[in-house]
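Everything in the sequence shown is counted per full-length UniProt numbering, starting at 1 for the first residue and increasing by one. The beta carbon of each residue, even a glycine, is placed where N, CA and C say it ideally should be. Accompanying notes for the structure given below.
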Amino acid sequence: DVFGRVQRDHSSEPLLDYISRALSQGHSDYPMMSGCTRFMLNPQTRVVAVDLNNVAGDKTPAGRLKTGIMYLLAGQIAGGDFILPQYQDEIRKNLPPAFHQVAFSRINQLDQEVKTKVYDELHNARGIDFIWDALDTQDREQRKFGIRTVLSTQYLRDYPDSILKSANTLWLLRYRHDDIPLLRDHFNVPEVTLRRFLKMPEGPAPDGSGVPVLCIFRVKSGTLARILKFTVGPLE
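So, in structure tokens, the structure goes:
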């Protein structure tokens with residue numbers, strides 16, 4: 001037992017006792033994570049939504065930690081199986097044969113299509129660095145496996161610089177005048193395009209053609225910015 005006598009920094013509490021206490025407190029604070037998760041999707045499932053409205057924390061440090069944990073847990077619940085195609089040999093070896101048909105039906109489906117994880121209302125995570133760091137790392141590492149990560153919020157300034165630097169696509173329904181320098185200098189969007197978009201009316205166009213949206217795409221040859229119409233329109 002090489003850690004039996006190790007103590008926490010600036011404390012007389014043994015390290016193992018601290019870990020035990022932290023785990024016990026976590027089980028108490030987050031009952032949903034205190035046992036085994038039994039959650040399996042039908043292979044025909046196309047959309048999974050996880051509502052965090054009643055589990056997000058407040059603006060206190062403890063509340064912000066809770067919000068962060070819930071966001072990351074929701075991503076794991078809804079899209080944790082997206083990485084399974086990478087481990088088909090291990091799954092086939094360790095999973096009882098009785099479950100192979102349903103499991104590999106799902107895995108084969110995931111292996112053949114682009115998967116998308118959408119995190120909405122991320123202004124609630126503003127200033128909680130460990131969430132953004134985890135999402136940034138997740139996005140960079142999972143792109144090559146056909147997994148797209150969509151991060152949605154109300155204002156451009158809600159995103160930290162690290163996310164904006166790694167983003168390859170932006171869809172903007174509206175932005176502020178003070179966002180123009182960022183979009184012009186960081187994403188190389190012509191200022192005339194940015195100012196033209198701000199002069200367009202908000203919401204659905206009177207002719208029914210849709211809602212204006214500024215789309216910014218980073219491609220190998222540079223940046224492509226276009227003002228398009230979202231024809232489905234908003235439903236408030």
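First and last residue of the uninterrupted beta strand (DSSP E) at P61: Taken as a continuous stretch (DSSP letters only), P61 belongs to no beta strand (DSSP E), being part of the alpha helix (DSSP H) at 61-79.
Alpha carbon of Q25 to alpha carbon of I69, nearest angstrom: Roughly 14 Å separates the two Cα atoms.
Anticipated Cβ contact below 8 Å, R106 with P31, distance rounded: Going by Cβ atoms, the distance from R106 to P31 rounds to 28 Å, so no, they are not a contact pair.
Local conformation of F230 per DSSP, three classes: For F230, the three-state secondary structure derived from DSSP is strand.
N-terminal and C-terminal residue of the beta strand (DSSP E) that R196 is part of: In the DSSP assignment, R196 falls outside any beta strand (DSSP E) and within the unbroken alpha helix (DSSP H) covering 191-198.
Helix, strand or coil at K165 [DSSP, three-state]: Looking at K165 - three-state DSSP - the assignment turns out to be helix.
Neighbour-count burial assignment, Y87, 16 or more Cβ in a 10 Å radius: Here Y87 is exposed, its C-beta having fewer than 16 other C-beta atoms within 10 Å.
Rounded separation between E236 and E191 - CA only: Its pLDDT being 48, under 50, E236 is placed unreliably in this model, and the value from its coordinates should be taken loosely. When only Cα atoms are considered, E236 and E191 end up about 31 Å apart.
D120 beta carbon near the ligand MG (any heavy atom closer than 8 Å): As presented, the structure is devoid of all ligands, the ligand MG included, so that no description of it is given.
CB of T169 within 9 Å of CB of I147, strictly: Not in contact: T169 and I147 (Cβ atoms no closer than 9 Å).
Cα-Cα separation, H10 to I19: The alpha-carbon of H10 is positioned some 16 Å away from that of I19.
Extent of the continuous alpha helix (DSSP H) to which F82 belongs: No alpha helix (DSSP H) holds F82; DSSP gives it neither H nor E.
Beta-carbon separation (whole angstroms), I128 vs R64, contact threshold 8 Å: Correct: roughly 5 Å between the Cβ atoms.
Endpoints, beta strand (DSSP E) assigned at K220: Looking at the DSSP string, K220 is not in any beta strand (DSSP E), and its letter there is neither H nor E.
Beta-carbon gap between D197 and L156 smaller than 9 Å: Residue 197 is actually Phe in this sequence, not Asp. Against a cut-off of 9 Å, the Cβ pair of L156 and F197 comes out as no contact.
For R226, the nearest candidate out of V232, N188, P201 (CA to CA): Measuring from the Cα of R226, the nearest candidate turns out to be N188.
Boundaries (first-last residue) of the alpha helix (DSSP H) holding V102: It spans 100-111 - the alpha helix (DSSP H) in which V102 sits, taken as one unbroken run.
Contact under 9 Å by Cβ, L135 with T149: It is a contact, given that the beta carbons lie within the stated cut-off.
Residue environment, G75, which counts as buried when at least 16 other CB atoms sit within 10 Å: Buried: at least 16 other Cβ atoms inside 10 Å.
Terminal residues of the alpha helix (DSSP H) in which R140 lies: From DSSP, the alpha helix (DSSP H) with R140 extends over 129-142.
CA nearest to the CA of R176, picked from F145, L41, R195: Checked all of F145, L41, R195; the closest Cα to R176 is R195.
Sub-9 Å separation of I77 and L84 beta-carbons: Using a Cβ distance threshold of 9 Å, I77 and L84 do not count as a contacting pair.
Bounding residues of the beta strand (DSSP E) (the contiguous stretch that carries Y175): Y175 -> no beta strand (DSSP E), and no H or E assigned at all.
With 16 other Cβ atoms within 10 Å as the buried cut-off, status of L110: Buried: at least 16 other Cβ atoms inside 10 Å.
Any alpha helix (DSSP H) of 4 or more consecutive residues that is wholly inside the region 1-49: The qualifying runs are 15-29.
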